[in-house]
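Take a look at the structure below.
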Amino acid sequence: MMPFPLGRLLRGGLLIASLGTVACGAAASGARDGPSPEAVRAYIDAGLLAQAGLHAEAARRYDEAAAADPDTAEVWLAASRAWCQLGEWDAAAERAEKAVALAPDDVRAADALGQPIVAAGRLDVADRLYAAFTHKHPEA
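Laid out in structure tokens, this is it:
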């Protein structure tokens, strides 16, 4: 078993902690608001795999998390980043598009969509997306 440095795991761990808290609270109360336990487990596993440099496995696990919790933009953003790590620009853009659809005002989602589009050399598309976002959000 590969040891994982706790400090690296905790970086950016607020979402993981909040997903876990929501899942634990939902399980304790019997409620099903928030992400499912399957989504939380897949998201945490994917983060650990990404930290270990196992990006292909991480991308697949993030996809499983997104399938289990398709209404959370953060999960789609993480999946997009993982597919970017693999240089799979179309897959990354597809996942980022889902994040943008869920969180159209989130600059992180817009940025996540722009990255694989630029990397794929589709600068005209990236320019249009940037212009549309900054027109809607001049403060960005």
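When you line the sequence shown up against the numbering used here, it's residues 1120 to 1259, in that order.
Cβ atoms here follow ideal geometry from the backbone N, Cα and C, with glycine treated the same way.
Mind checking which residues open and close the alpha helix (DSSP H) that includes E1207? Sequence index remark: in the sequence shown, residue 1207 carries index 88 (1-based). That residue, E1207, is in no alpha helix (DSSP H); it is neither H nor E in DSSP.
CA-CA distance, L1225 and A1231? By 1-based counting over the sequence shown, the position of residue 1225 is 106. By 1-based counting over the sequence shown, the position of residue 1231 is 112. In the sequence under discussion, the amino acid at residue 1225 is Asp, which differs from the Leu named in the question. Distance between the alpha carbons of D1225 and A1231 is about 10 angstroms.
Our contact map puts R1179 next to W1195 with C-beta atoms below 8 angstroms; I'd like the distance itself, whole angstroms only. Taking the sequence shown and counting its residues from 1, the one referred to as residue 1179 is at position 60. Taking the sequence shown and counting its residues from 1, the one referred to as residue 1195 is at position 76. The pair is not a contact, with the Cβ atoms about 14 angstroms apart (cut-off 8 angstroms).
Closest by CA to G1172, which one among A1161, L1248, L1205, D1152? The residue given as residue 1172 occupies position 53 in the sequence shown. Considering only alpha carbons, the answer is L1205.
CA-CA distance, G1153 and V1219? Along the sequence shown, read from residue 1 onward, the residue named residue 1153 stands at position 34. Along the sequence shown, read from residue 1 onward, the residue named residue 1219 stands at position 100. The straight-line gap from Cα to Cα measures roughly 19 angstroms.
In angstroms with no decimal places, state the Cα-to-Cα distance between Y1181 and Y1162. Within the sequence shown, the letter at position 62 stands for residue 1181. Within the sequence shown, the letter at position 43 stands for residue 1162. Rounded to the nearest angstrom, the two C-alpha atoms are 6 angstroms apart.
Run through DSSP, which three-state label would D1246 get? Locating residue 1246 in the sequence shown gives position 127, counting from the first residue. Helix, per DSSP.
Under 9 angstroms, do A1192 and A1228 count as touching if we go by C-beta distance? Reading the sequence shown from its first residue, position 73 is the one you call residue 1192. Reading the sequence shown from its first residue, position 109 is the one you call residue 1228. Yes, Cβ-Cβ distance for A1192 and A1228 is below 9 angstroms.
Does K1217 pass the burial test, meaning 16 or more other C-beta atoms within 10 Å, or should it be called exposed? Residue mapping note: residue 1217 aligns to position 98 of the sequence shown, counting from 1. That one is buried.
From D1188, A1238, L1221, pick the residue whose C-alpha is nearest to that of A1210; which is it? On the sequence shown, residue 1210 is found 91 positions in, with the first residue counted as 1. Among D1188, A1238, L1221, the Cα nearest to that of A1210 is on A1238.
Is DSSP giving T1191 helix, strand or coil here? As a working mapping, residue 1191 is identified with position 72 in the sequence shown. Three-state DSSP puts T1191 in coil, outside helix and strand.
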